[in-house]
Amino acid sequence: MTNTTESTTTTTTTPPGGSGHRTARPAGPAKPPPGLRAWVTRAPLMPALIFLIIVTQLPMVATLVISVFDWNALYPEARSFAGLANYGEVLGDPELRKSVFTTILLTVTVVLVSLVLGMLLALLLDRRFRGRAAVRTMLIAPFLLVPVAAALLWKHVLYNPEYGLFNGVLHWILGDGAAQPDWVAEMPLGAVEASLVWQWTPFMMLILLAGLQSRPTEAVEAARIDGAGAWQVFRYITLPHLRRYLELGALLGTVYIVQNFDAVFTITSGGLGTANLPYSIYQTFYQGHEYGTASAAGVLVVIGSIIIATLALRVVSSLFREEATS
Amino acid sequence: MSAASPATSIPSAVDTAPRKVRRRNAALGLIAWLVGILFVLPVLWMALTSLHSEADAATNPPSLAAPLTLDGYREFFGAGGGPSPWFSLANSVTASVVSTAFVLLLALPAAYALSIRPVKKWTDVLFFFLSTKMLPVVAGLLPIYLFAKSTGTLDNIWLLVILYTSMNLPIAVWMMQSFLSEIPTALIEAAQIDGARLPVILTRVVAPIAMPGIAATSLICFIFSWNEMLFARVLTGVIAQTAPVFLTGFITSQGLFLAKVCAASLVISLPVLAAGFAAQDKLVQGLSLGAVK
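Protein chains in written order, with UniProt numbering: chain A, 1 to 326; chain B, 1 to 293.
Written as structure tokens, this is what we have:
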């Protein structure tokens with residue numbers, strides 16, 4: 001990596017504003033001028049930073065620009081400036097409005113259910129019992145299936161009304177007269193949610209288990225000696241300690257599940273009222289060729305995500321600070 | 001840092017606990033086992049179905065004791081005249097492995113600048129990295145598609161390599177930062193006093209300590225690239241198609257396909273299962289972007 005510390009060229013680089021930089025750490029034996037040194041310490045960071053800005057930020061800017069044009073790919077000549085008309089169209093479109101609602105419902109349900117299940121599992125796994133490692137491994141398996149494969153598994157192998165495992169088990173238990181529901185048709189959003197809960201519960205469990213295992217044991221033991229019951233220990237020591245981890249799990253889960261495409265695409269193809277925002281935008285641009293509208297919807301999703309991300313970053317940074325000071 | 005006490009801190013009380021408590025623990029252990037089996041059951045069922053003939057796979061009630069066959073796997077690998085998966089598997093390997101290599105190349109120096117010799121306002125930089133991860137991918141998809149179309153890079157695996165690199169770079173920087181900051185500064189300073197230069201310090205002091213972290217980061221980047229489908233679906237066609245896209249295009253034909261789909265899903269998930277179980281301990285840290293250790 002950068003071994004330019006030895007170069008003795010004069011300071012051609014302008015010192016960056018307020019170079020109170022000497023507070024960092026003593027550099028190597030030979031000390032180059034401060035301005036250069038600042039750039040030398042910064043240099044290893046630059047490739048990653050520049051790459052990321054070009055590949056992730058520029059497209060967002062382009063999306064913003066496209067969103068104010070009336071642009072359908074099937075009629076490329078008719079491209080014209082549209083101002084905020086696309087935004088009006090997005091907000092006025094009942095389908096897209098519904099997909100906002102669907103996104104929220106899907107995300108909140110999956111995150112909450114998998115958090116609660118994940119917490120129960122983490123509490124179970126926090127004790128010592130025979131084969132704990134094996135159980136942990138079994139629990140992680142759903143999370144390690146390729147998302148598309150997991151979605152296919154649920155759609156065809158489990159939900160299929162004729163030969164799916166769910167109806168097969170019903171048949172087994174209740175005999176020939178057993179109800180044989182068409183799961184995806186009867187509860188489309190629930191079907192998508194169940195498959196996602198199955199995949200995301202292990203994630204929540206892992207984070208919360210890490211939280212449980214960093215719990216201060218002295219406090220727990222002191223409380224036990226003082227005669228606190230299991231519930232009191234949980235309510236007054238474990239739960240407050242877990243709060244940050246619960247928040248972290250919820251927010252990271254939200255960030256990932258808001259963007260979910262694979263499950264919706266595979267299980268229902270966005271039909272039956274399950275189209276979430278990523279799917280709708282994909283469809284508007286990929287099948288509908290409405291570039292302007294798709295971009296406006298994209299910008300609105302970004303605004304929504306920034307709100308979530310700000311919350312998420314606050315949680316992550318508080319965890320991060322806590323760790324840095326401990 | 002990382003004074004996280006290991007898992008086995010409470011049990012000392014358990015060993016000496018009265019019989020009632022021990023019995024309760026055993027009961028809870030049993031429940032944990034049952035739930036674990038319940039969670040893994042669909043995966044096991046998929047494995048069993050993949051080993052059945054198509055006719056046995058699609059019975060109701062399910063046939064548990066049907067004879068086993070590898071036909072599903074043969075079919076998946078193109079024995080029945082279907083499209084061969086090797087092309088898309090090779091594409092997935094290229095996209096995942098090369099992008100992971102690029103990620104390491106970019107993330108290692110960055111993490112070094114953010115941890116061992118922190119630049120000014122390094123936490124701000126770190127949070128900028130993280131924030132790019134939180135913007136929905138779908139919002140930037142159209143410009144990327146248009147760019148690819150105008151430059152003739154549609155259906156080109158290198159486009160995916162670049163995109164996957166950017167997708168995983170923030171995660172990698174975060175993880176690596178938290179791994180590298182565990183290296184005691186005293187160690188590096190001691191090496192400096194002994195007259196060691198930067199390359200020596202990097203290879204002899206930093207690398208050995210950071211290796212497990214680098215390995216875990218690579219595995220996680222690999223998993224994310226391997227799983228990705230939205231970019232792959234929109235930006236590739238025939239030539240650069242990746243395995244997940246191949247998997248979704250698999251079920252167009254009529255007739256029975258359950259065993260074949262199960263075989264395909266398992267084969268395609270195999271690298272992720274292997275990588276995930278290998279990196280099990282570091283998985284949480286990676287997925288929580290280094291916030292949880």
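Just so it is clear, CB atoms sit at the ideal spot from N, CA and C, and this is done for glycine as well.
For Arg19/B, the uninterrupted alpha helix (DSSP H) segment begins and ends at Arg19 to Ser50. Chain-ordered, the chain B residues with CB closer than 7 Å to the CB of Ser305/A read Met134, Leu135 and Pro136. Any Cβ of chain A closer than 8 Å to the Cβ of Asn60/B would place that residue at the interface, and such an atom is present. At a cut-off of 4 residues, the continuous stretches assigned as alpha helix (DSSP H) that sit fully inside the region 144–173 of chain A are 147–152. At a Cβ-Cβ threshold of 8 Å, Ala78/A and Phe69/A do not count as neighbours. Against chain B, a Cβ distance below 9 Å from Asp70/A picks out nothing, because the smallest value is about 15 Å.
If the five residues before and after Leu126/B are omitted, its C-beta is found closer than 8 Å to the C-beta atoms of Leu114, Val173, Trp174 and Gln177, all from its own chain and listed in chain order. Separation of Gly237/B and Val261/B (C-alpha to C-alpha, rounded to the nearest whole angstrom) is 21 Å. The DSSP-derived three-state label of Ser214/A is coil. In this structure, the beta-carbon distance from Val192/A to Val255/A does not fall below 8 Å.
Between Leu277/A and Val100/A, the gap from beta carbon to beta carbon is short of 8 Å. Taking C-beta atoms as the reference points, Ala263/B and Ala57/B fail to come closer than 8 Å. DSSP places Glu186/A inside the alpha helix (DSSP H), whose first and last residues are Trp183 to Glu186. Here DSSP, grouped into helix, strand and coil, assigns Ser181/B to coil. Of all residues in the region 192–204 of chain A, the ones placed with a Cβ closer than 8 Å to any Cβ belonging to chain B are Trp198, Thr201, Pro202 and Phe203, in chain order.
Cα atoms of Trp200/A and Arg215/A: separation of roughly 23 Å, rounded to the nearest angstrom. In this structure, the straight-line span from the alpha carbon of Ser99/B to that of Pro271/B is close to 16 Å.
Annotation: Leu198/B to Leu52/A spans about 26 Å, alpha carbon to alpha carbon. The distance from the Cβ of Gly286/B to that of Ile171/B is about 7 Å, consistent with a contact at the 8 Å cut-off. Using a 10 angstroms sphere on the CB of Arg24/B, the tally of other CB atoms stays under 16, which defines it as exposed.
With fewer than 16 other Cβ atoms from the protein chains shown falling within 10 Å of its own Cβ, Trp158/B counts as exposed. Here Tyr236/A is exposed, its C-beta having fewer than 16 other C-beta atoms within 10 Å.
Distance from the CA atom of Ile239/B to the CA atom of Asn91/B, rounded to whole angstroms, is 9 Å.
For Asn168/B, not one C-beta of chain A is nearer than 8 Å to its own C-beta. According to the DSSP assignment, Asn91/B belongs to the alpha helix (DSSP H) that extends over Trp86 to Ser115. Annotation for Gly72/B: the continuous alpha helix (DSSP H) segment containing it runs Asp71 to Phe76. In this structure, the CA atom of Arg42/A is about 20 Å from the CA atom of Val55/A. DSSP places Tyr256/A in the uninterrupted alpha helix (DSSP H) bounded by Leu239 to Val258. Think of a sphere of 8 Å around the beta carbon of Tyr282/A: the chain B residues whose beta carbon falls inside it are Val138, Leu141, Leu230 and Val234, in chain order.
DSSP places Asn60/B in the coil class of the three-state scheme, outside both helix and strand. With a threshold of 8 Å between beta carbons, Met138/A makes contact with chain B. The region 227–243 of chain A makes no contact with the region 152–166 of chain A; the number of CB pairs closer than 8 Å stays below 3.
Taking a Cβ-Cβ threshold of 8 Å, the residues of chain B close to Gln259/A are Pro136, Val137 and Val138, in chain order. Contact with chain B is absent for Val111/A, since none of that chain's Cβ atoms lies less than 8 Å from the residue's Cβ.
Of Leu48/B, Ser288/B and Ala101/B, the smallest CA-CA separation from Leu206/A is found for Ser288/B. Shown here for Ser63/B: same chain residues with a beta carbon closer than 6 Å to its own, the five before and five after excluded, namely Asp56 in chain order.
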